[in-house]
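Visitor: Quick one: the structure is below, and I'll ask about it shortly.
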Amino acid sequence: MGIKLTFHGAAGTVTGSAYLIQTSRAAVLIDFGLFQGFNNHEDHNHIPATLDVAKLDAVLVTHAHLDHTGRLPLLVRRDFRRPIYATEATIPLTDLILRDSAHLQAMDTERANRKRQRAGEPLQAPLYTAAEVAALMRQFQAVPYGKPVEVAPGILARWVEAGHMLGSASLQLCVQDQGITQRIVFSGDLGPKGAPILHDAVGFDKADIVVMESTYGDRDNKPLPETVREFEALVKNAVAQRSKILVPVFAVGRTQLLLYLLALMFRRRVVPKFPIYLDSPMAVEATKIYWEHLDLFDAEFQALNARRPVLADLDTLKATPTAQDSMALNPLPGPLMILAGAGMCTGGRILHHLKQNLWRDNTRVLIVGYQGEGSLGRRLVEGAEQVSIFGEKIAVRATIHTLNGFSAHAGQTELLRWFGQMAHCRPRLFLTHGEARGREPLARLIQQRHGVIAELPELGTVAHLNQPVGQCRESC
Ligand SMILES: [Zn+2]
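When you read off a place in the sequence shown, starting at 1, and then add 10, the result is the number in my numbering.
Quick look at the structure:
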């Protein structure tokens with residue numbers, strides 16, 4: 011049968027990442043993510059019929075985000091007992107993200123089942139439970155960056171930095187089957203160059219086959235230093251006005267980036283210290299995991315931290331673990347900042363703070379992440395004058411600030427540069443993890459620059475990799 015690559019997700023969409031490599035003697039899955047968002051993508055949140063779990067030798071994970079790990083617990087019900095390989099920092103972050111996902115699903119299912127019960131319809135079970143996540147996590151094995159690991163007979167894998175979140179990686183597989191060897195590179199999600207805290211993506215200089223993300227294949231994001239300057243100016247101004255700054259955040263990544271930027275501002279005395287409240291148990295846990303992996307942070311952070319621990323600059327940072335702690339923040343006067351979930355204001359503690367403060371004109375709401383269609387966050391960004399929170403009408407007198415430049419994804423120029431390192435090999439290229447508007451312009455640019463014609467796989471596409479391709483044919 012030769013070497014086969016099947017696209018079980020993120021093919022024409024940005025979620026559900028899952029790629030299967032099969033040879034005559036082995037099968038490995040690269041990521042197994044949840045489909046998220048609209049257009050009934052969630053209907054695909056199952057194990058595809060053509061994926062034979064009993065024959066899987068291993069799963070290789072690029073990073074912890076739910077759209078790359080969210081279907082892994084489904085394997086538990088199929089008695090999958092083989093290793094799941096990931097970098098050391100990815101393991102606790104995956105645990106955190108999957109536990110949160112199981113918790114949200116339990117709540118959603120309970121709510122939906124109450125309705126089903128009243129309608130006389132059969133009840134449904136959640137996609138997976140916390141117990142299944144716990145069982146899954148026991149199969150994880152940590153791999154170091156840079157060192158090849160034999161993950162299945164005839165398949166060596168090497169993880170390198172992808173600069174997208176703590177522990178994130180791109181993968182290079184060396185796959186041998188029936189006399190043919192293919193070097194297959196998976197980009198994973200690639201981060202922007204020069205992002206604070208994280209190392210930049212490393213990439214590879216040789217590949218026969220490349221599977222590459224194309225989220226922002228159509229554009230460059232605003233330069234990060236510009237966004238950091240905007241953030242600083244805004245915080246300075248808000249503190250001078252003694253404002254309350256509410257920041258809806260996703261727990262992992264953006265929260266730690268903002269805390270780092272605030273620490274820098276305090277250290278450089280750009281702004282006097284003021285209280286910061288981390289009002290999200292999940293964000294507190296994620297921040298702890300980041301802080302336990304300081305060795306993975308970039309050189310700039312290391313230098314700063316060596317002079318004086320960055321944590322010392324954050325002595326006005328407080329965690330508010332319980333709901334009571336959170337409510338105790340209501341009467342406190344500004345200046346202060348509250349970081350709370352959910353990131354799109356679709357639930358969580360941020361809703362309480364918005365209800366208490368949106369109608370006051372000395373409140374600032376700082377939007378630092380993508381706001382999905384139909385979310386309360388999107389309504390605020392679009393300038394709604396009144397919103398409904400917990401069934402109550404709330405006037406929006408607060409100032410809403412939107413900072414678009416904190417993306418965790420590489421822009422077009424950076425994607426081209428990352429591929430450019432391997433372009434001399436003229437590899438066979440598949441563009442994934444992008445919608446048409448991202449991957450089509452990127453495909454055109456790569457063809458113009460490098461003469462490589464990208465393939466744009468669909469969900470379920472099977473690629474046969476039996477033929478030698480490219481110009482870097484030496485064995486790996
Ligand atoms: Zn990601």
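Built from N, CA and C at the ideal position, the CB exists for glycine as well.
No experiment lies behind these values; they were computed from the predicted model shown.
1) If we count the other Cβ atoms within 10 Å of its Cβ and call it buried at 16 or more, is residue 381 buried or exposed?
2) Which of helix, strand or coil does DSSP assign to residue 435?
3) Give the secondary structure of residue 104 by DSSP, where H, G and I count as helix, E and B as strand, and everything else as coil.
4) Work out the CA separation of residue 94 and residue 60 for me, nearest whole Å.
5) Using the C-alpha atoms, what's the distance from residue 401 back to residue 64?
6) Per DSSP, which one or two residues make a beta bridge with residue 396?
7) Comparing C-alpha positions only, which one of 358, 418, 373, 409 sits nearest to residue 385?
8) Flag this pair as yes or no: are the beta carbons of residue 258 and residue 354 separated by less than 8 Å?
9) Do the CB positions of residue 2 and residue 361 come within less than 8 Å of each other?
10) For ligand 1, any of its heavy atoms closer than 7 Å to the Cβ of residue 209?
11) On the DSSP letters alone, give me the boundaries of the alpha helix (DSSP H) that residue 270 sits inside.
12) Under 8 Å, do residue 17 and residue 448 count as touching if we go by C-beta distance?
13) So, using beta-carbon positions, are residue 459 and residue 425 closer together than 8 Å?
14) So, using beta-carbon positions, are residue 84 and residue 115 closer together than 8 Å?
15) So is the beta-carbon of residue 41 under 7 Å away from any non-hydrogen atom of ligand 1?
16) Look up residue 442 in the DSSP assignment and say whether it is helix, strand or coil.
17) Whole angstroms are fine: how far does the CA of residue 155 sit from the CA of residue 392?
18) Of the choices 398, 332, 367, whose alpha-carbon is the least far from that of residue 356?
19) Determine the burial state of residue 322: buried for a count of at least 16 other Cβ atoms within 10 Å of its Cβ, exposed for fewer.
20) Mind checking which residues open and close the beta strand (DSSP E) that includes residue 186?
21) So the candidates are 58, 42, 364; which of them puts its Cα closest to the Cα of residue 69?
Guide: In short:
1) Translated into positions along the sequence shown, residue 381 becomes position 371. When all chains shown are included, residue 381 counts as buried.
2) Within the sequence shown, numbered from 1, the residue matching residue 435 stands at position 425. It is helical.
3) Numbered from its first residue, the sequence shown carries residue 104 at position 94. In this structure, residue 104 counts as helix in the three-state DSSP scheme.
4) What you label residue 60 is simply residue 50 of the sequence shown in a count that begins at 1. What you label residue 94 is simply residue 84 of the sequence shown in a count that begins at 1. One C-alpha to the other measures close to 20 Å.
5) Start at 1 with the first residue of the sequence shown, and residue 64 comes out as number 54. Start at 1 with the first residue of the sequence shown, and residue 401 comes out as number 391. The alpha-carbon atoms of residue 64 and residue 401 are separated by roughly 49 Å.
6) The residue given as residue 396 occupies position 386 in the sequence shown. Answer is 405.
7) The count along the sequence shown starts at 1 and reaches residue 385 at position 375. When only C-alpha atoms are compared, the closest one is 358.
8) What you label residue 258 is simply residue 248 of the sequence shown in a count that begins at 1. What you label residue 354 is simply residue 344 of the sequence shown in a count that begins at 1. Annotated as proximal: residue 258 and residue 354, with beta-carbon spacing under 8 Å.
9) In the structure as shown, the chain begins at 11 and stops at 486. Residue 2 is therefore absent and cannot be evaluated.
10) As a working note, residue 209 is residue 199 in the sequence shown. Flag unset: Cβ of residue 209 not near ligand 1.
11) Walking along the sequence shown from the start, residue 270 turns up at place 260. For residue 270, the enclosing alpha helix (DSSP H) begins and ends at 264-277.
12) Against the sequence shown, residue 17 aligns to sequence position 7. Against the sequence shown, residue 448 aligns to sequence position 438. The answer is no: Cβ separation not under 8 Å.
13) Start at 1 with the first residue of the sequence shown, and residue 459 comes out as number 449. Start at 1 with the first residue of the sequence shown, and residue 425 comes out as number 415. Against a cut-off of 8 Å, the Cβ pair of residue 425 and residue 459 comes out as no contact.
14) In the sequence shown, the residue the question calls residue 84 occupies position 74. In the sequence shown, the residue the question calls residue 115 occupies position 105. The answer is no: Cβ separation not under 8 Å.
15) The residue you call residue 41 lines up with position 31 of the sequence shown. Relative to ligand 1, residue 41 has its C-beta separated by 7 Å or more from all heavy atoms.
16) Working through the sequence shown from its first residue, we reach residue 442 at position 432. Here residue 442 carries a strand assignment [DSSP, helix/strand/coil].
17) In the sequence shown, the residue the question calls residue 392 occupies position 382. In the sequence shown, the residue the question calls residue 155 occupies position 145. A direct Cα-Cα distance of roughly 42 Å separates residue 392 from residue 155.
18) As a working note, residue 356 is residue 346 in the sequence shown. Nearest neighbour of residue 356 by Cα position, chosen from 398, 332, 367, turns out to be 398.
19) As a first step, residue 322 must be located in the sequence shown, where it is residue number 312. Counting other Cβ atoms within 10 Å of its Cβ, residue 322 stays below 16 and is therefore classed as exposed.
20) The residue labelled residue 186 in the question sits at position 176 within the sequence shown. For residue 186, the enclosing beta strand (DSSP E) stretches over residues 179-187.
21) Numbered from 1 along the sequence shown, position 59 holds the residue referred to as residue 69. Of the candidates 58, 42, 364, the one whose C-alpha sits nearest the C-alpha of residue 69 is 42.
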